[in-house]
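Notes for the one structure printed next.
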Amino acid sequence: MTKGKQIKQLIQEGKDNTYILSKVDTTLNSIRWYRSQMKSDKIINKVLKHKFDQGTVPLILKIKEVRDKFWKPFLEEFGVLPETRFDLKGGTAGQVRYTTKFFLSSNMRMTKAICLRFNLQLAKDNLTDFLARTVPHELAHILANARNMKTTRKVPPHGLEWRKACKDLGMAIHRITRCHDYEVPKTSRKSVPTECEYCHKKMYVSPAKAERMRQDKYYHTNCMGFFEVLD
Ligand SMILES: [Zn+2]
Ligand SMILES: [Zn+2]
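Here the sequence shown is numbered in our numbering, starting from 2 and rising by one per residue.
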């Protein structure tokens with residue numbers, strides 16, 4: 002049985018995402034895909050092309066487990082955690098993204114859609130610290146914002162509210178920092194200079210992105226010129 006068929010069957014059997022991930026060694030982006038339950042084989046093939054190495058699935062499950070453990074005391078008051086993706090690359094370890102989309106929650110209040118994102122490469126290279134620092138760091142952003150939803154003032158990203166949330170989540174004091182000091186792999190460092198041929202805006206990208214930019218035209222959305230790789 003092909004992987005695509007196997008995934009389809011698991012979806013039809015009503016298995017959840019975590020179960021499917023643990024059975025089929027496939028890509029993380031497919032979590033989103035499972036959710037939307039797209040049917041096209043073209044999409045299945047696209048999803049399966051980006052394979053992750055073995056050990057990725059246990060890593061994801063570990064991060065999710067730690068995430069849920071930290072969040073447990075707040076579960077009742079603030080509800081389940083938002084969608085968690087593992088699609089961050091480069092030097093960013095974790096991120097909370099508030100999308101501009103609004104949706105009506107069950108209590109008919111306008112709620113911002115939140116997405117929690119993590120960088121698997123940095124998690125793999127710095128596992129202990131990642132679980133004890135990055136995971137609660139991002140959760141603290143969500144907690145601080147949730148607690149201060151009714152204040153009209155904007156909650157500063159790493160201000161007092163955030164620090165209090167870090168402490169309440171049980172983070173060790175020395176781990177409450179704005180940023181991490183993980184070594185970022187050379188291949189994902191933004192080091193290749195590129196320039197818009199029209200307005201001459203400079204942009205630094207990772208070697209992998211530079212390679213893609215050499216093959217496909219990459220437009221500068223501001224001026225519709227295109228970026229040239231400068232090395
Ligand atoms: Zn932060
Ligand atoms: Zn331009």
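Think of the CB as a built atom: it goes at the ideal place given N, C-alpha and C, for glycine as much as any other residue.
Given the structure is predicted, the values throughout are model-derived calculations rather than measurements.
Asked: Backbone secondary structure at residue 81 - three-state DSSP; Found: coil
Asked: Distance between beta carbons of residue 205 and residue 192, contact taken as under 8 Å; Found: 6 Å
Asked: Residue 158 classed as buried or exposed, judged by whether at least 16 other C-beta atoms fall within 10 angstroms; Found: exposed
Asked: Spatial neighbours of residue 220 in its chain, beta-carbon cut-off 6 Å, leaving aside the 5 residues before and after; Found: 227
Asked: Among 69, 200, 215, 124, nearest to residue 223 - alpha-carbon criterion; Found: 200
Asked: DSSP beta-bridge partners of residue 115; Found: 99
Asked: Contact under 8 Å by Cβ, residue 133 with residue 176; Found: yes
Asked: Residue 86 - partner residues in DSSP beta bridges; Found: 118
Asked: Three-state class that DSSP yields for residue 180 in the structure shown; Found: coil
Asked: Sequence-distant residues of its chain with Cβ nearer than 8 Å to residue 122 (five each side left out); Found: 90, 186, 189
Asked: CA-to-CA distance, residue 195 to residue 212, given in whole angstroms; Found: 11 Å
Asked: Residue 199 CB to nearest heavy atom of ligand 2 below 7 Å; Found: yes
Asked: Any non-hydrogen atom of ligand 2 within 7 Å of residue 202 CB; Found: yes
Asked: Contact under 8 Å by Cβ, residue 145 with residue 60; Found: no
Asked: Same chain, Cβ closer than 6 Å to residue 172, neighbours up to 5 away in sequence not counted; Found: 137
Asked: CA-to-CA distance, residue 82 to residue 88, given in whole angstroms; Found: 17 Å
Asked: Cβ-Cβ distance between residue 95 and residue 127 below 8 Å; Found: no
Asked: Own chain partners of residue 1 with C-beta closer than 7 Å, once the 5 adjacent residues on each side are dropped; Found: Nothing can be reported for residue 1, as the shown portion of the chain is limited to 2 through 232.
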